[in-house]
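Enquirer: Read left to right, the sequence shown gives residues 145 to 622 (our numbering).
Sharing a structure, written as structure tokens. Questions coming.
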Amino acid sequence: MTPLHELTALQQAAAIRSGELSPVELVEHYLARIAAFDSRLGAFVTVTDQAARDAAKRAEVAVTMAEPLPALHGVPTAIKDLAATAGVPTSYGCVALAQHVPDADAPVVTALSSAGTISLGKTATSEFGTTLYTEATGFVPTANPWRRGASPGGSSGGAAAAVAAGLVPVAHGSDGGGSLRVPAALCGLIGYKPSRGLIPGAGGFGLASQGPIARTVPDAAALLDAMAVAAPGEPYLPPPPPEGGYRAAATRATGPLRIAAYLDPPLFDTTVHPDCVAAYRRAAELLTGLGHDVVEVPGPYDPAMLADFRVVACLLGRPDAVGKMARWMAGEARRHSAADLLAAHGRLLAAIRAGSAELAGYDLVLTPTLARPGVGIGHFNQMSPEEDFDAQTALSPYCSVHNLSGAPAVSVPIGADRTGLPVGVQLSAPLGGDARLLAAASALHDASGWKERHPPIWTKLPSATVNLGPRSLGTEPR
């Protein structure tokens with residue numbers, strides 16, 4: 145008997161397709177887990193239980209029909225509360241907008257629904273996605289399932305907490321400066337920021353991308369396939385998809401790759417914590433053992449970029465914000481003219497191009513995801529906004545360069561710090577190199593030994609079981 149939440153999203157889809165698992169049973173299983181345990185996590189801000197049950201019943205009927213089923217038919221998921229969802233409260237992490245109910249779905253929400261997923265609700269985010277922790281004013285702070293008093297990171301902290309605790313198998317998130325990769329690293333998950341333009345809805349000078357959080361790379365790739373649907377009017381041309389889609393690409397052998405590895409933080413002159421260095425060294429050893437040529441190089445980026453990065457990043461602020469950071473960022477943005485902004489953006493792009501040129505001979509790049517282990521909930525509370533901004537950048541100095549360049553990047557869990565919290569490493573590829581990146585990340589994840597590691601809360605949650613035949617158990621659709 146296999147607990148339902150032990151199955152990957154792709155295994156669940158296969159079992160539903162074969163008739164061995166009911167979408168209704170699966171949705172009820174996850175709703176029961178949310179009802180029993182989310183009060184200690186704060187992963188969800190809205191649970192759409194009745195809508196999910198209705199969708200599950202429709203999905204169950206569809207299995208009996210002769211029509212083809214979408215790839216993730218009947219698989220539960222959740223939507224980050226930065227994405228508009230028709231008929232569902234969407235606050236963007238701002239308590240002043242708690243009663244805001246959009247009339248239409250964001251394109252990514254429509255795409256996920258078309259792929260057959262069933263949303264169980266909206267996951268917590270920082271206010272307007274502006275911080276790397278998920279403690280929006282007026283909302284319950286989101287906790288890390290690995291340790292209740294620890295932060296899961298942000299701004300997709302609710303999505304990461306939900307997946308790590310087994311409240312959903314996969315979740316939607318977004319990443320404007322590490323907001324998928326940071327919580328993935330802190331919660332022991334895969335967090336994938338795709339190439340700019342691959343998924344509609346890039347915002348903030350193209351810094352932000354929609355993307356998946358998942359327990360495995362193939363699951364993340366399957367959700368990426370679901371979200372990567374062209375939308376009219378998008379300003380960025382998506383890279384061509386690989387043959388068979390990204391899920392198929394994630395399980396293909398890449399052959400030997402040249403991988404640059406560096407420790408020098410690109411956006412902040414800070415000392416990297418020994419636990420993060422150890423994870424980085426272990427990843428390099430594992431990649432070498434997989435047949436790749438890993439070459440340690442000096443950091444190619446100048447930390448002096450930080451001043452210009454702050455100017456551009458503060459555009460994410462909102463004057464109508466309730467919390468200190470989003471409001472301060474809006475004030476900082478108003479201090480600069482449009483000409484100042486364009487000049488700062490131009491200097492940033494020049495610095496990114498120069499750094500990328502130094503890495504041009506490599507297929508992938510390896511760094512730590514974070515420069516230090518995770519922090520406790522409330523760690524940033526007593527800081528001034530300026531101190532808060534710098535502390536977040538010191539925590540995560542590696543992620544934002546890929547938002548600036550548009551290149552794809554993924555956080556892969558590789559070890560634990562001395563307190564037992566997960567530690568991740570980041571792999572990145574040139575713009576459009578998503579297929580190769582996913583394949584390499586999947587192989588690294590397999591080698592890491594972290595695929596079957598879960599937080600203590602995993603085994604405490606109520607778990608239904610299902611008898612699966614030998615074809616479905618452990619089998620994912622080709």
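Yeah, the Cβ is synthetic: ideal placement off N, Cα and C, and Gly gets one too.
A quick note: this is a predicted structure, and the numbers were derived from the prediction, not measured.
Which one of Y380, P442 and L450 has the shortest CA to CA distance from D413?
Expert: Sequence index remark: in the sequence shown, residue 413 carries index 269 (1-based). When only C-alpha atoms are compared, the closest one is L450.
Enquirer: Which word fits P606, buried or exposed, when buried means at least 16 other C-beta atoms lie within 10 angstroms of its C-beta?
Expert: Locating residue 606 in the sequence shown gives position 462, counting from the first residue. Result: exposed.
Enquirer: Can the beta-carbon of S339 be found closer than 8 Å to that of P552?
Expert: In the sequence shown, counting from the first residue as 1, residue 339 sits at position 195. In the sequence shown, counting from the first residue as 1, residue 552 sits at position 408. Contact: yes.
Enquirer: Quick one, which of L148, L401 and A309 has its alpha-carbon nearest G505's?
Expert: In the sequence shown, the residue the question calls residue 505 occupies position 361. G505 has its Cα closest to that of L401, out of L148, L401 and A309.
Enquirer: Helix, strand or coil: how does DSSP classify V171 here?
Expert: Numbered from 1 along the sequence shown, position 27 holds the residue referred to as residue 171. Secondary structure of V171 (DSSP, three-state): helix.
Enquirer: Using CA atoms only, rank isn't needed, just tell me which of K468, L381 and C420 is closest to P566.
Expert: Counting from 1 along the sequence shown, the entry for residue 566 is found at position 422. Closest option to P566, Cα to Cα, is C420.
Enquirer: DSSP on V421, reduced to helix/strand/coil?
Expert: Stepping through the sequence shown from its first residue, residue 421 is reached at position 277. V421 falls in the helix class under three-state DSSP.
Enquirer: Touching or not, the stretch 171-183 and the stretch 205-216, by the rule of three or more beta carbon pairs under 8 Å?
Expert: no
Enquirer: What are the boundary residues of the alpha helix (DSSP H) that F453 is part of?
Expert: Within the sequence shown, residue 453 is the residue found at index 309, counting from 1. L450 to A457 is the extent of the alpha helix (DSSP H) around F453.
Enquirer: Check D437 in the structure and name its three-state DSSP category.
Expert: Position 293 of the sequence shown, counting from 1, holds the residue named residue 437. Strand.
Enquirer: Write down every uninterrupted run of the alpha helix (DSSP H) in the stretch 478-506 whose length is 4 residues or greater and which is fully enclosed by it, in chain order.
Expert: 482-502
Enquirer: Taking DSSP's pairing of strands, which residues face S263 in a bridge?
Expert: Within the sequence shown, residue 263 is the residue found at index 119, counting from 1. S263 is bridged to T221.
Enquirer: Using beta carbons (cut-off 8 Å, strictly below), is G443 in contact with chain D?
Expert: Here there is only one protein chain, and chain D is not present.
Enquirer: Considering just the uninterrupted stretch of the beta strand (DSSP E) at A553, what are its terminal residues?
Expert: Translated into the one-based positions of the sequence shown, residue 553 becomes position 409. A553 to A560 is the span of the beta strand (DSSP E), which, as asked, contains A553.
Enquirer: Run through the DSSP bridge pairs and tell me what I357 is partnered with.
Expert: Start at 1 with the first residue of the sequence shown, and residue 357 comes out as number 213. For I357, which the question treats as bridged, DSSP gives the partners A315 and G335.
Enquirer: Starting from A308 and walking both ways along the alpha helix (DSSP H), at which residues does that stretch end?
Expert: Position 164 of the sequence shown, counted from the start, is the residue given in the question as residue 308. Here the alpha helix (DSSP H) through A308 covers G301 to A308.
Enquirer: Would you tell me roughly how many angstroms separate the C-alpha atoms of K224 and G443, rounded to the nearest one?
Expert: Looking up residue 224 in the sequence shown gives position 80. Looking up residue 443 in the sequence shown gives position 299. Rounded to the nearest whole angstrom, the CA to CA distance from K224 to G443 is 33 Å.
Enquirer: Give every residue of the same chain whose Cβ lies closer than 7 Å to the Cβ of I496, excluding the five residues on either side of it in the sequence, and list them in chain order.
Expert: Along the sequence shown, read from residue 1 onward, the residue named residue 496 stands at position 352. Non-local beta-carbon contacts of I496 in its own chain, meaning distances under 7 Å to residues more than five positions away in sequence, involve V545, L548 and S549 in chain order.
Enquirer: Using beta-carbon positions only, say whether R539 and L351 come within less than 8 Å of one another.
Expert: The sequence position of residue 539 within the sequence shown is 395, counting from 1. The sequence position of residue 351 within the sequence shown is 207, counting from 1. Here residue 539 is Leu; the residue named in the question, Arg, does not match the sequence. The answer is no: Cβ separation not under 8 Å.
Enquirer: Assign R391 to buried or exposed, taking buried as 16 or more other Cβ atoms, counted over all protein chains shown, within 10 Å of its Cβ.
Expert: Here the question's residue 391 lines up with position 247 in the sequence shown. Answer is buried; the Cβ neighbour count reaches 16.
Enquirer: Please classify E429: is it buried, with 16 or more other beta-carbons within 10 angstroms of its beta-carbon, or exposed?
Expert: For this step, residue 429 is matched to residue 285 along the sequence shown. Exposed is the call here.
Enquirer: Between the Cα of A206 and those of A404, T398 and V168, spot the shortest distance and give me the residue it belongs to.
Expert: Stepping through the sequence shown from its first residue, residue 206 is reached at position 62. For A206, the closest alpha carbon among the candidates A404, T398 and V168 is that of V168.
Enquirer: The beta strand (DSSP E) with A572 in it runs from where to where?
Expert: Translated into positions along the sequence shown, residue 572 becomes position 428. The identity of residue 572 in the sequence shown is Ser, whereas the question assumes Ala. Looking at the DSSP string, the run of the beta strand (DSSP E) that includes S572 is P566 to S572.
Enquirer: In this structure, does DSSP put V232 in helix, strand or coil?
Expert: For the purposes of this step, residue 232 is taken as residue 88 along the sequence shown, with counting starting at 1. In the structure shown, V232 sits in coil (DSSP, three-state: anything other than H, G, I, E or B).
Enquirer: Take G298 as the anchor and find which of P313, L311 and D319 has the nearest alpha-carbon.
Expert: For the purposes of this step, residue 298 is identified with residue 154 of the sequence shown, where counting begins at 1. Considering only alpha carbons, the answer is D319.
Enquirer: Starting from the C-beta of D446, find all residues in its chain whose C-beta is less than 7 Å away, skip the five residues before and the five after it, and write them out in chain order.
Expert: As a working note, residue 446 is residue 302 in the sequence shown. For D446, where only same-chain residues beyond five positions count, the Cβ hits under 7 Å are A495.
Enquirer: Taking the straight line between their C-alpha atoms, what separation do you get for V191 and Q156?
Expert: The residue you call residue 191 lines up with position 47 of the sequence shown. The residue you call residue 156 lines up with position 12 of the sequence shown. Looking at the two C-alpha atoms, the distance is approximately 21 Å.
Enquirer: Let me know the secondary structure DSSP gives L330 once reduced to three states.
Expert: Position 186 of the sequence shown holds residue 330. It is helical.
Enquirer: Could you say if the stretch 374-388 and the stretch 280-295 meet the contact criterion of at least three C-beta pairs nearer than 8 Å?
Expert: no
Enquirer: Ordered along the chain, which non-local residues of its own chain (more than five positions away) have a Cβ less than 7 Å from that of A488?
Expert: Taking the first residue of the sequence shown as 1, we reach residue 488 at position 344. Cβ neighbours of A488 beyond the five flanking positions: D452, V455 and V456.
Enquirer: If you compare alpha carbons, which of I357, P600, G345 and D561 is closest to Y424?
Expert: For the purposes of this step, residue 424 is identified with residue 280 of the sequence shown, where counting begins at 1. Measuring from the Cα of Y424, the nearest candidate turns out to be D561.
Enquirer: Can the beta-carbon of P379 be found closer than 8 Å to that of D578?
Expert: Reading the sequence shown from its first residue, position 235 is the one you call residue 379. Reading the sequence shown from its first residue, position 434 is the one you call residue 578. The answer is no: Cβ separation not under 8 Å.
Enquirer: Rounded to the nearest angstrom, what separates S257 and D193 at their Cα positions?
Expert: Sequence index remark: in the sequence shown, residue 257 carries index 113 (1-based). Sequence index remark: in the sequence shown, residue 193 carries index 49 (1-based). Cα to Cα, the separation comes out at about 16 Å.
Enquirer: Can you say whether D247 is buried or exposed, counting buried as having 16 or more other CB atoms within 10 angstroms of its CB?
Expert: In the sequence shown, the residue the question calls residue 247 occupies position 103. Flag for D247 reads exposed.
Enquirer: With contact counted as at least three CB pairs below 8 Å, one residue from each stretch, are the stretch 522-540 and the stretch 353-360 in contact?
Expert: no
Enquirer: If we ignore side chains and look at the alpha-carbon of each, how far apart do G618 and L151 end up?
Expert: The residue labelled residue 618 in the question sits at position 474 within the sequence shown. The residue labelled residue 151 in the question sits at position 7 within the sequence shown. Confidence at G618 is low in this model, with a pLDDT of 37, below 50, so its placement is unreliable and no value can be given for it.
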